[in-house]
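Shown next, in structure tokens, is the structure this report addresses.
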Amino acid sequence: MFNDKSILITGGTGSFGRRFITNLLKQYTPRRVVVFSRDELKQYEMQQTFNAPCMRYFLGDVRDGERLTQAMRGIDFVVHAAALKQVPAAEYNPTECIRTNVSGAENVIKAALENGVQKVIALSTDKAASPINLYGATKLLSDKLFVAANNIGGGQATRFAVVRYGNVVGSRGSVVPFFQKLIDDGATALPITDARMTRFWITLDHGVDFVLKNFARMRGGELFVPKIPSIRITDLAEAMAPHLPHQIVGIRPGEKLHELMVPLDDARMTLEFEDHFVIQPSARFTNVDIDYAVDGLGERGKPVDEDFEYRSDTNPQFLSVAETAALNQRP
């Protein structure tokens, strides 16, 4: 569906953006691929690798609605990946996080509607489900904005959806490169915030492929959640450095002990498909009646039990130490 189409990725120089473009160019022949981001050095470095004739690079910040509107001219599909993501940084710099994650989301929506973009998928996070930190709260607000945007558009054809998943293996700023640097620097122990801590775990390729597929699945207003395994943080440390002891350092500001992707309160709106869940919008749209139990690919879902939750600590699929080590080694 991306052949001869124009695609824009906000925050396109990040880990997700780079892998998304790699996979996109392998599988399709797009007319244009636009990287929209604010760091000129990262764009320069990216151009050394991603220099196909279809590539375009736009300097800009999602806080700047006018620049976004310019960049989206002639665009068919948008992936909104730009965000301030570090939990402690958001706790100490709340206003900056709100401006990027909430106001930026609103700007993406306005620009997409003004330019008649066909479909927009916004990336979310497990931290947006029943959030306890500012980062999660801003992403929940962003999720709500993108879902409601299907109403704001009125009779326009533009459709919006959200993809929510857990920690990405090896992404910049995540625990894997942090642990690896400590190991490389000769650390005598690995810091563990809490020995009970669990997390959802997904590879970058899985996340990218899930987003690509959901462009075909989406009807507008869905929140897609992949079925992915959980890990124990102690198992991750054991997989990366079996020779090092663990040092308990305590949970950081705004950090959860376990993560959640489908809260109990959303169970009544949740459908289960073979490899993912869909949280339907709680407010029905005025301009169209959508049956979310059948997606754009013809896949059929069924309602989950009323007491259903999708949590990292009760997830039926946990990776062993060996499986964690193998997953971390994938490119």
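Going left to right, the sequence shown walks through residues 895 to 1225 as our numbering numbers them.
Yeah, the Cβ is synthetic: ideal placement off N, Cα and C, and Gly gets one too.
Cβ separation of residue i and residue j, assumed to be a contact under 8 Å, to the nearest whole Å
i: Val1063; j: Leu1221; result: 6 Å
i: Arg932; j: Asp898; result: Actually they are not in contact, since the Cβ atoms of Arg932 and Asp898 sit about 29 Å apart, beyond 8 Å.
i: Val1102; j: Phe910; result: 7 Å
i: Leu1007; j: Gln1050; result: 6 Å
i: Lys929; j: Cys948; result: For the sequence presented, residue 929 should be read as Val rather than Lys. In fact, because the Cβ distance is near 11 Å, the residues do not count as touching under 8 Å.
i: Ala1161; j: Glu1200; result: 6 Å
i: Leu918; j: Phe944; result: Not a contact, Cβ separation roughly 10 Å.
i: Arg1066; j: Gly908; result: 7 Å
i: Arg967; j: Asn1009; result: 6 Å
i: Tyr1204; j: Val1105; result: Actually they do not touch by this definition, with Cβ atoms about 19 Å apart.
i: Ala977; j: Thr989; result: Going by Cβ atoms, the distance from Ala977 to Thr989 rounds to 15 Å, so no, they are not a contact pair.
i: Arg1113; j: Ile1184; result: 5 Å
i: Thr1092; j: Asp1207; result: 5 Å
Enclosing beta strand (DSSP E) for residue i [first to last residue]
i: Arg1053; result: Arg1053 to Val1057
i: Phe952; result: Met949 to Leu953
i: Leu902; result: Ser900 to Thr904
i: Leu1165; result: Thr1164 to Glu1166
i: Ile1184; result: Here Ile1184 belongs to no beta strand (DSSP E), and DSSP marks it neither H nor E.
i: Val1215; result: Run containing Val1215: none in the beta strand (DSSP E); it sits in the alpha helix (DSSP H), Val1215 to Asn1222.
i: Ser931; result: Arg926 to Ser931
i: Val1172; result: His1170 to Ile1173
First through last residue of the alpha helix (DSSP H) which encompasses residue i
i: Gln1141; result: Careful: Gln1141 lies outside any alpha helix (DSSP H), inside the beta strand (DSSP E) at His1140 to Ile1142.
i: Met940; result: Glu934 to Gln941
i: Ile915; result: Ser909 to Gln921
i: Phe1072; result: Val1069 to Asp1078
i: Arg961; result: Gly959 to Ala965
i: Val972; result: Element bounds for Val972: not the alpha helix (DSSP H) but the beta strand (DSSP E), Phe971 to His974.
i: Val862; result: Not covered by the structure: residue 862. The range shown for the chain is 895 to 1225.
i: Val1188; result: Neither: Val1188 is in no alpha helix (DSSP H) and is coded neither H nor E.
i: Val981; result: Val981 to Tyr986
Residue i burial status per 10 Å Cβ neighbour count (16 or more: buried)
i: Ala999; result: buried
i: Tyr986; result: exposed
i: Lys1107; result: buried
i: Leu1213; result: buried
i: Glu1116; result: buried
i: Ser1251; result: Since the first residue of the chain shown is 895 and the last is 1225, residue 1251 is not available in this structure.
Please list the segments of the alpha helix (DSSP H) lying wholly inside the segment 989-1054, counting only runs of 4 or more residues, in order along the chain.
998-1009 and 1028-1046, all fully within the segment 989-1054.
Entirely enclosed alpha helix (DSSP H) segments - the segment 1080-1154, minimum 4 residues
The qualifying runs are 1098-1111 and 1127-1134.
Closer than 8 Å is the cut-off here; do at least three beta carbon pairs connect the segment 1023-1034 with the segment 1120-1138?
Between the segment 1023-1034 and the segment 1120-1138, the count of Cβ pairs shorter than 8 Å is below three; the stretches do not touch.
Touching by the beta-carbon criterion (3+ pairs, under 8 Å), the segment 1188-1197 and the segment 1046-1065
Three or more beta-carbon pairs separated by less than 8 Å are not found between the segment 1188-1197 and the segment 1046-1065, which leaves the two stretches without contact.
If you pair each beta-carbon of the segment 964-982 with each one of the segment 898-907, do three or more pairs fall below 8 Å?
Segments in contact, yes.
Can you confirm whether the segment 1071-1090 touches the segment 1141-1155 when touching is taken to mean that 3 or more C-beta pairs between the two stretches lie within less than 8 Å?
Three or more Cβ pairs closer than 8 Å define a contact, and the segment 1141-1155 meets that threshold against the segment 1071-1090.
How about the segment 1018-1031 and the segment 1070-1083: do they share at least three Cβ pairs that are nearer than 8 Å?
Output reads no: the segment 1070-1083 does not touch the segment 1018-1031.
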